[in-house]
Amino acid sequence: MRNKIIEVTQLDIGYDNTPILCDLDFDVYEGEILFILGNSGCGKSTLLKHLTGLYQPLRGDIKLRNKSIVNASGQEKNELYKSFGVTYQGGALLGSLTVAENVAFPLEEHTSLTQDEIDSIVEEKLSLVDLTGFGNLMPSELSGGMKKRAGLARALALSPDLLFFDEPSAGLDPLSSSALDRLILDIRSKINATVVVVSHELDSIFSIADRIIMLDKERKGIVAEGEPHDLRANSSDSWVRNFLNRNNMR
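Residues -19 to 230 in this note's numbering are what the sequence shown spells out, letter by letter.
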């Protein structure tokens, strides 16, 4: 039986007490790559911000390894934050720091490691994302794909085994996007990571997703959940089939 890493129950999310997604119930299992997708404005990124504890839900609960990130506070919440890594669309690197300094930042903030120990971990994480030798560069000197990988190295700094990606392929050319997909698979394999990805890139979804959750802004909730190839071919919902086959949306 697979272990549940994330449990979402009866979740309503929105702004100013106005829900945009309601009654969300789903689990994320150890070692899987789960994609969250849907039409523009459906709440994908908002859901991700709730999963990572940045926003409080209107109702319901989110548990990470049986601990509620909704109800946690103080040190307990800090420990939960350190248990996962997040990568953002543009990498979100600090422009005034080198690549290595960006990766070192979480270690300096959250550990009591020596500088030599931090330097060793930074080299390890940069190697893991194929950026060995690039630590002294500034973010402005990196290509788009390299910025994504540097952001991933920083997300891995505290050695989490749960990773969240917000539109990882956004702005990348097809070759760079494919290389990033392979890297995500490689990272999952090397550290047995559980991966949650917000994306609308169907090429990535059909290449690396074990399972997908589809959101629809008009129905304000989950309209499909399952293996992407199966849903594309066999979903009873025509909107889901059309979306996954790139047919015209309503």
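The beta carbon of each residue, even a glycine, is placed where N, CA and C say it ideally should be.
Cβ-Cβ distance between residue i and residue j below 8 Å
| i | j | result |
| --- | --- | --- |
| L211 | V203 | no |
| T78 | N116 | yes |
| I16 | L27 | yes |
| I192 | G201 | no |
| G113 | S156 | no |
| T67 | A135 | yes |
| S169 | L160 | no |
| S231 | L44 | Missing from the structure shown is residue 231; the chain here goes from -19 to 230 and no further. |
| V176 | V50 | no |
Alpha carbon of residue i to alpha carbon of residue j, nearest angstrom
| i | j | result |
| --- | --- | --- |
| P208 | E104 | 34 Å |
| E10 | E147 | 21 Å |
| G23 | F6 | 15 Å |
| D(-8) | A130 | 33 Å |
| I42 | I0 | 17 Å |
| D3 | D96 | 48 Å |
| A52 | L182 | 35 Å |
| N228 | N19 | In this predicted model, N228 has a pLDDT of only 46, less than 50, meaning its place in the structure is not dependable; the value taken from the coordinates is given anyway. Approximately 12 Å between the Cα atoms of the pair. |
| G75 | K128 | 14 Å |
| R226 | T(-2) | 30 Å |
| M194 | L138 | 30 Å |
| S158 | L38 | 37 Å |
| A84 | L111 | 14 Å |
| S48 | N(-17) | 16 Å |
| D36 | E198 | For clarity, residue 36 is Gln in the given sequence; the question names Asp instead. Rounded to whole angstroms, Q36 to E198 spans 22 Å at the Cα level. |
Nearest neighbour of residue i, chosen from the options [CA to CA]
| i | options | result |
| --- | --- | --- |
| H180 | F223, L(-9), A72 | F223 |
| F144 | L152, G151, A133 | A133 |
| A213 | K197, D196, F186 | F186 |
| G40 | G(-6), L163, E198 | G(-6) |
| G21 | S120, S107, D196, S48 | D196 |
| S184 | L163, N172, R199 | L163 |
| G151 | N58, N46, Q69 | Q69 |
| D190 | R199, P119, I171, L165 | L165 |
| N58 | A80, E198, P86 | P86 |
Integer Cβ distance of residue i from residue j, believed to fall under 8 Å
| i | j | result |
| --- | --- | --- |
| E88 | I98 | 7 Å |
| G65 | P140 | 5 Å |
| I167 | L108 | 7 Å |
Buried or exposed by the 16-neighbour rule on C-beta atoms within 10 Å, applied to residue i
| i | result |
| --- | --- |
| N82 | buried |
| Y61 | buried |
| S216 | exposed |
| M(-19) | exposed |
| S123 | exposed |
| T94 | exposed |
| T174 | buried |
| L34 | exposed |
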